[in-house]
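Number of protein chains: 2
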Amino acid sequence: SIPKPTLERLPLYYRRLLQWREEKVSIVSSADIGKNLGIDSAQVRRDLTYFGAVGRPGIGYKVEELISYLGELLGINNVNEAIIVGVGNLGRAICSYPGFAPYGLSIVAFFDIDPQIVGTKIRGHEVFHVNDLIHIVKRLKIQIGIITVPAREAQKVADQMVAGGIRAIWNFAPTRLHVPEEVIIRSEDLAVGLATLSHYLVREDLS
Amino acid sequence: SIPKPTLERLPLYYRRLLQWREEKVSIVSSADIGKNLGIDSAQVRRDLTYFGAVGRPGIGYKVEELISYLGELLGINNVNEAIIVGVGNLGRAICSYPGFAPYGLSIVAFFDIDPQIVGTKIRGHEVFHVNDLIHIVKRLKIQIGIITVPAREAQKVADQMVAGGIRAIWNFAPTRLHVPEEVIIRSEDLAVGLATLSHYLVREDLS
Ligand SMILES: NC(=O)c1ccc[n+]([C@@H]2O[C@H](COP(=O)([O-])OP(=O)(O)OC[C@H]3O[C@@H](n4cnc5c(N)ncnc54)[C@H](O)[C@@H]3O)[C@@H](O)[C@H]2O)c1
Ligand SMILES: NC(=O)c1ccc[n+]([C@@H]2O[C@H](COP(=O)([O-])OP(=O)(O)OC[C@H]3O[C@@H](n4cnc5c(N)ncnc54)[C@H](O)[C@@H]3O)[C@@H](O)[C@H]2O)c1
Numbered sequence: 043s044i045p046k047p048t049l050e051r052l053p054l055y056y057r058r059l060l061q062w063r064e065e066k067v068s069i070v071s072s073a074d075i076g077k078n079l080g081i082d083s084a085q086v087r088r089d090l091t092y093f094g095a096v097g098r099p100g101i102g103y104k105v106e107e108l109i110s111y112l113g114e115l116l117g118i119n120n121v122n123e124a125i126i127v128g129v130g131n132l133g134r135a136i137c138s139y140p141g142f143a144p145y146g147l148s149i150v151a152f153f154d155i156d157p158q159i160v161g162t163k164i165r166g167h168e169v170f171h172v173n174d175l176i177h178i179v180k181r182l183k184i185q186i187g188i189i190t191v192p193a194r195e196a197q198k199v200a201d202q203m204v205a206g207g208i209r210a211i212w213n214f215a216p217t218r219l220h221v222p223e224e225v226i227i228r229s230e231d232l233a234v235g236l237a238t239l240s241h242y243l244v245r246e247d248l249s
Numbered sequence: 043s044i045p046k047p048t049l050e051r052l053p054l055y056y057r058r059l060l061q062w063r064e065e066k067v068s069i070v071s072s073a074d075i076g077k078n079l080g081i082d083s084a085q086v087r088r089d090l091t092y093f094g095a096v097g098r099p100g101i102g103y104k105v106e107e108l109i110s111y112l113g114e115l116l117g118i119n120n121v122n123e124a125i126i127v128g129v130g131n132l133g134r135a136i137c138s139y140p141g142f143a144p145y146g147l148s149i150v151a152f153f154d155i156d157p158q159i160v161g162t163k164i165r166g167h168e169v170f171h172v173n174d175l176i177h178i179v180k181r182l183k184i185q186i187g188i189i190t191v192p193a194r195e196a197q198k199v200a201d202q203m204v205a206g207g208i209r210a211i212w213n214f215a216p217t218r219l220h221v222p223e224e225v226i227i228r229s230e231d232l233a234v235g236l237a238t239l240s241h242y243l244v245r246e247d248l249s
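Okay, structure coming up:
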């Protein structure tokens, strides 16, 4: 098993690695990892051997590999995979949007309730029935759910997501969701974008 | 014609009225209007008679009515009407979203290029061909355009909008638009919402 002081250093390594990933750095040395954190590079190497991460002498460690090792170990994994429920107009537009890839994000499973939609394929993925949500989310360890169903269905879908282990919900349905305190909700209201634009126009006319 | 000092006070009234509209206030007196602006209520009444706005003694003026009078006069009107080009998945989801109404915003005309879509109706409005954009935008004096077409078509559509007199563009296509300096562009990237949510998850796990 892993000594407690090592376990407490791992989230610091993880956070630093994520910053590197955002800066598109792909290889780092144990000295790099220890530098900003005030940890001796030999200690970093010892820590990383506990979960089998092997650096190549003179080259270093692969950032992506360490992130996935550490993520697995810290149980933080799967912050980059999401599922979506409600594959209507908005859901389809979100599923086929290429803009998520640059953030390392991807929508890995689609759900709906309409028999005409369930079973069809979107970008090669089959649309599942929402009744299968809980066990699919549990199996894939998905932590992020996207809600694009009509407002009156949204609470029921949120309850199913939480039952499956979803810890963060991106909600488009214009309604307030009630979920346990530890579940994060981000409600999106596109109208704010249009209102802001309109406001700029007025401001420009008045200046 | 309207005296210059009156003309200079009108935008101040207009800005104040807009704030009231957002606060859902529907009737105000000349004393209310003058109060925060340090203008005598008799002067406000004289100013407002120049364009025929009549307050009802003891009751006041209707906020909406004054906004539309002043908007017309100041040429700022139509900051609440938008047109949309590209009625595919995202476009349809935006057209049928009820969230714009509370901001006093509405999408008044839809355009597409696909013969299967042009001529069909969405919420009772006929979808026009994009070739009719310039003259319809000019006729309706529309100032806001929404772009929900594929990235490779977006610049062409932006040029048509600017030619029609559009002064603010809400762009969803993942591409950089080149427009004259006085045209405002707001580019929306929904991926930021998902990335932020994912980031919260990581931060929560690390705390
Ligand atoms: N927040 C925003 O800015 C914004 C913008 C546009 C639309 N919306 C909202 O997004 C939602 C979707 O809009 P749309 O235009 O795509 O609607 P839509 O009717 O085209 O799609 C809704 C889909 O949800 C499915 N569905 C319904 N109940 C379900 C359930 N219990 N489980 C699984 N699937 C279910 C339907 O079968 C349909 O495919 C609406 O709530 C709408 O108000 C929000
Ligand atoms: N910014 C974001 O967050 C976000 C999210 C989802 C989708 N998108 C983008 O929005 C756009 C639309 O996505 P979608 O899923 O609705 O695509 P879609 O293919 O379903 O719809 C595009 C529509 O535009 C029409 N069109 C094409 N060229 C045109 C032209 N020159 N004039 C008028 N209409 C034209 C097509 O006929 C079609 O109806 C894409 O650029 C997509 O990348 C952005």
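Chain order of the listed sequences is A and B.
Residue numbers for the first sequence follow our numbering, so the first one is 43 and each next one is one higher.
Residue numbers for the second sequence follow our numbering, so the first one is 43 and each next one is one higher.
From the three backbone atoms N, C-alpha and C, an ideal C-beta is built for every residue, glycine too.
The model shown is predicted, which means the values in this text are computed figures rather than measured ones.
Against residue i, what residues of chain A qualify as contacts under a CB-to-CB distance less than 9 Å, listed in chain order?
i, result
"Gln185 of chain B", "Ser240 and Leu243"
"Asn5 of chain B", "Outside the modelled stretch of chain B, which goes from 43 to 249, sits residue 5 of chain B, for which no answer is possible."
"Leu147 of chain B", "Ala233, Leu236, Ala237 and Ser240"
In chain A, which residues lie with their C-beta within 7 Å of the C-beta of residue i?
i, result
"Asp201 of chain B", "Neighbours of Asp201 of chain B on chain A: none; closest Cβ ~19 Å, over 7 Å."
"Phe142 of chain B", "Ala233 and Leu236"
"Glu230 of chain B", "Gly235"
Compute the minimum distance between the beta carbon of residue i and the heavy atoms of ligand 1, and state whether it is under 6 Å.
i, result
"Glu195 of chain A", "yes"
"Pro216 of chain A", "yes"
"Val127 of chain A", "yes"
"Val172 of chain A", "yes"
"Asp156 of chain A", "yes"
"Ala143 of chain B", "no"
"Glu230 of chain A", "yes"
Report the neighbours of residue i on chain A: residues whose CB is nearer than 8 Å to its CB, in chain order.
i, result
"Ile226 of chain B", "Leu239, Tyr242, Leu243 and Glu246"
"Arg134 of chain B", "Asn131"
Do residue i and ligand 2 come close, with the Cβ less than 6 Å from some heavy atom?
i, result
"Ser258 of chain B", "Lying outside 43 to 249, the shown extent of chain B, residue 258 of chain B is not represented and no answer is given."
"Val59 of chain A", "It is worth fixing the name first, because residue 59 of chain A is Leu in this sequence and not Val. No, since every heavy atom of ligand 2 falls outside the 6 Å radius drawn around the Cβ of Leu59 of chain A."
"Pro192 of chain B", "yes"
"Ser138 of chain B", "no"
"Thr213 of chain A", "This sequence places Asn at residue 213 of chain A; Thr is not what is there. Asn213 of chain A: no, Cβ never under 6 Å from ligand 2."
"Leu132 of chain B", "yes"
"Gly135 of chain A", "Here residue 135 of chain A is Ala; the residue named in the question, Gly, does not match the sequence. The answer is yes for Ala135 of chain A."
Starting from residue i, find everything on chain B with Cβ-Cβ shorter than 8 Å and list it in chain order.
i, result
"Trp212 of chain A", "Gly235, Leu236 and Leu239"
Can you round the beta-carbon distance between residue i and residue j to whole angstroms, since I take them to be within the 8 Å contact cut?
i, j, result
"Glu230 of chain A", "Gly235 of chain B", "5 Å"
"Ala95 of chain A", "Glu114 of chain A", "With 8 Å as the limit, Ala95 of chain A and Glu114 of chain A do not qualify as a contact, their Cβ atoms being about 11 Å apart."
"Leu219 of chain B", "Gln197 of chain B", "6 Å"
"Ser240 of chain A", "Asn122 of chain B", "6 Å"
Anything in chain B within Cβ reach of residue i, meaning under 7 Å, just list it in chain order.
i, result
"Tyr111 of chain A", "Neighbours of Tyr111 of chain A on chain B: none; closest Cβ ~15 Å, over 7 Å."
"Arg209 of chain A", "Leu243"
"Pro216 of chain A", "Pro140 and Gly141"
Any residues in the segment 160–173 of chain B with a beta carbon nearer than 8 Å to a beta carbon of chain A? Which ones, in chain order? For the segment 160–173 of chain B, which is checked against every Cβ of chain A, not one residue is closer than 8 Å.
Just list the alpha helix (DSSP H) runs in the segment 91–134 of chain A, keeping only unbroken ones of 4 residues or longer that don't cross its boundaries, in chain order. DSSP runs (the alpha helix (DSSP H)) wholly in the segment 91–134 of chain A: 105–116.
Identify each residue in the segment 53–66 of chain B for which the Cβ-Cβ distance to at least one residue of chain A is less than 8 Å, and report them in chain order. Listed by position along the chain: Pro53, Tyr56, Arg57 and Leu60.
Report the start-end ranges of each alpha helix (DSSP H) in the segment 140–211 of chain B that is 4 residues or longer and not cut off at the edges. Entirely contained in the segment 140–211 of chain B, the alpha helix (DSSP H) runs reaching 4 residues are, in chain order, 175–182 and 193–206.
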